[in-house]
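Beneath this line is the structure, given in structure tokens, with notes to follow.
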Amino acid sequence: MATQHQKGRSVSYQRVAAAARTAVELLDAYRPGDALLATAAGTLHTRGALTVLDRAEDLPGALRATTADGGAPALAVGALPFDPDRPAHLVVPETVRRGPGPVAAAGPAARPAAPPGGWRIEPVPDTAAYVRGVERALKLMADAEPDPATGLRKVVLARSVRLTGPGPVDLPALLRVLAGRDPSGHTFAVGLPERDGRPRTLVGASPELLVSRRGREAVSYPLAGSAPRGRDAAEDRRNSAALLASAKDRYEHALVVDAVAETLRPYCARLDVPAEPHLVRTAAMWHLGTLVRGELADPGVSALDLARALHPTPAVCGWPVGPARTAIGAIEPFDRRFYTGAVGHVDAAGDGAWVVSIRCAEVSGASLDLFAGGGIVPESDPDAELAETSAKMRTLQAALGVDQPL
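Quick note: the sequence shown uses UniProt numbering, first residue 1, plus one each step.
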């Protein structure tokens with residue numbers, strides 16, 4: 001770490017490496033412990049740590065105390081947990097390197113080899129218990145106050161599956177496959193604090209942009225309402241058309257978009273919220289999406305400020321947020337930690353982007369904890385919600401070569 005003292009204060013120096021010509025260069029350079037964020041707009045790879053923080057409010061000071069090569073604004077990367085009251089994990093890295101975004105040709109690499117004898121699979125909760133949890137959430141909504149401002153209207157319930165193999169997970173290979181399968185999505189890997197003395201990495205391919213900020217422009221791209229991709233072109237068309245026409249999914253989507261718009265509106269001089277959602281496609285799923293754009297009234301509001309204001313949205317928590325979080329705590333039998341939090345970056349000028357940490361797994365040694373959830377609204381069917389979580393797990397499942405049903 002390069003550090004000097006200027007006028008009585010410590011100043012850290014962040015190295016900005018020459019830009020990569022392709023995303024493949026950065027994917028190949030990734031090693032466990034680094035951070036990598038790859039989107040259609042560009043790829044970011046960082047290494048080392050000048051400063052590590054667990055409080056987002058301390059980050060602006062750390063960035064002001066860091067000087068980057070060439071006069072560029074110093075940059076930080078990291079993850080926010082699902083529970084905003086829990087510690088974050090934010091890093092001002094030693095080295096930053098950027099490059100273009102992935103393309104489909106960037107990732108024909110073979111998926112990591114399945115371990116001999118396959119994976120040991122431990123669901124938490126098991127599928128029957130998850131269905132009972134959905135039924136419990138439906139009852140909570142049925143018994144809730146009729147007032148739409150206070151009565152529980154949506155609960156996002158998740159489940160987790162632990163996969164364990166005989167040796168460490170090949171994280172670089174997994175990242176290359178994820179970026180190749182969904183080059184228009186948001187592939188990420190960020191280190192997390194050690195747990196039980198073991199390093200951890202949050203890795204995934206999220207379809208959902210929580211918020212980005214560039215200058216005065218703020219963009220959020222909420223997704224809610226989902227359907228699996230079809231096994232052939234005809235089934236795929238039917239699934240997407242049914243999703244777009246689904247009153248249940250459009251209602252779920254509207255809850256999220258309304259909440260995002262109401263959160264962003266006080267920060268914006270102008271806010272554009274389309275009246276109708278459109279279809280968003282990933283390798284495993286169809287989603288309803290709405291692209292929300294705003295012009296910030298105050299240029300001092302950073303991407304991290306906006307991410308913290310928006311998180312958690314009804315897409316990952318429910319509505320209203322307070323009662324939904326209470327229901328999640330009562331029903332889910334595991335700690336989400338950084339799942340359904342946010343992963344991203346921000347620089348000293350306030351520019352950056354944060355994506356919702358879904359379609360992801362927490363990796364530690366030979367084990368991965370996979371997560372997936374679904375939005376439960378009064379019209380939800382418990383068995384269909386279970387099937388949706390299984391479909392969402394296919395993003396990681398396919399990349400890992402897991403043939404057993406999850």
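Where a beta carbon is used, it is the ideal one built from N, C-alpha and C, also for glycine.
Between Leu-192 and Ala-79, the gap from beta carbon to beta carbon is short of 8 Å.
DSSP places Gln-14 within a strand segment (E or B) once states are collapsed to three. Distance from the CA of Gly-118 to the CA of Thr-187, rounded to the nearest whole angstrom, comes to 25 Å.
Here Pro-32 is bridged, per DSSP, to Asp-34. For Thr-313, the closest of Met-285, Val-257, Leu-63 by C-alpha to C-alpha distance is Val-257. Linking Gly-165 to Gly-341 through their CA atoms gives a straight-line distance of about 26 Å. In the three-state scheme derived from DSSP, where H, G and I count as helix and E and B as strand, Pro-193 is classed as strand.
In the three-state scheme derived from DSSP, where H, G and I count as helix and E and B as strand, Pro-60 is classed as helix. Boundaries of the alpha helix (DSSP H) around Ala-254: 247-264. Taking Pro-102 as the centre and dropping the five residues before and after it, the same chain places the C-beta of Ala-23, Ala-38, Ala-179, Pro-183 closer than 6 Å to its C-beta, in chain order. Here Arg-200 is buried: its Cβ has 16 or more other Cβ atoms, across all protein chains shown, within 10 Å. Beta bridge pairing from DSSP links Leu-223 with Gly-289. Distance from the CA of Arg-394 to the CA of Tyr-30, rounded to the nearest whole angstrom, comes to 24 Å. Gly-350 and Thr-127 have their C-alpha atoms spaced approximately 43 Å apart.
Arg-237 has its alpha-carbon roughly 44 Å from the corresponding atom of Glu-194. Restricting attention to Ala-324, Gly-365, Gly-373, Glu-295, the CA atom closest to the CA of Arg-213 is found in Glu-295.
When the five nearest sequence neighbours on each side are left out, the beta carbons in the same chain lying within less than 8 Å of the beta carbon of Asp-272 are those of Val-292, Arg-293, Gly-294, in order along the chain. When C-beta atoms of the stretch 128-139 are compared with those of the stretch 222-238, fewer than three pairs fall below 8 Å, so the two segments do not count as touching.
Cβ neighbours of Ala-391 within its own chain (closer than 7 Å, five residues either side excluded): Pro-228, Ala-284, Met-285. Annotation for Ser-357: no alpha helix (DSSP H) segment contains it, and DSSP assigns it neither H nor E.
Nearest to Leu-304 by C-alpha distance, out of Val-134, Glu-25, Trp-354, Asp-232, is Trp-354. Fewer than three pairs of CB atoms, one per stretch, sit closer than 8 Å, so the stretch 79-98 makes no contact with the stretch 369-378. The residues Thr-95, Val-96, Arg-97, in chain order, have a CB closer than 8 Å to that of Ala-17 in the same chain once the five nearest residues on each side in sequence are set aside. Around the CB of Glu-362, 16 or more other CB atoms lie within 10 Å, so the residue is classed as buried. Taking a C-beta distance under 8 Å as the contact criterion, Val-343 and Ala-315 do not qualify as a contact pair.
Considering only Ala-259, Leu-174, Leu-223, the residue with the shortest C-alpha distance to Val-402 is Leu-174. Of Arg-359, Ala-129, Tyr-339, Pro-123, the smallest CA-CA separation from Val-161 is found for Pro-123. For Asp-347, the secondary structure class from DSSP, reduced to helix, strand or coil, is strand. Residue pairing by DSSP places Gly-204 opposite Phe-188, Cys-360 in a beta bridge. A Cβ-Cβ distance of about 7 Å is found for the pair Leu-152 and Ala-327, placing them in contact under the 8 Å criterion.
Rounded to the nearest whole angstrom, the C-alpha separation of Gly-322 and Ala-307 is 18 Å. Look at Val-280 here: in three-state DSSP terms it is strand. Annotated as proximal: Pro-207 and Val-280, with beta-carbon spacing under 8 Å. Nearest Cα to Leu-171 within the set Asp-34, Phe-338, Ser-380: Asp-34. Here Val-92 carries a strand assignment [DSSP, helix/strand/coil]. Val-52 is bridged by DSSP to Val-91.
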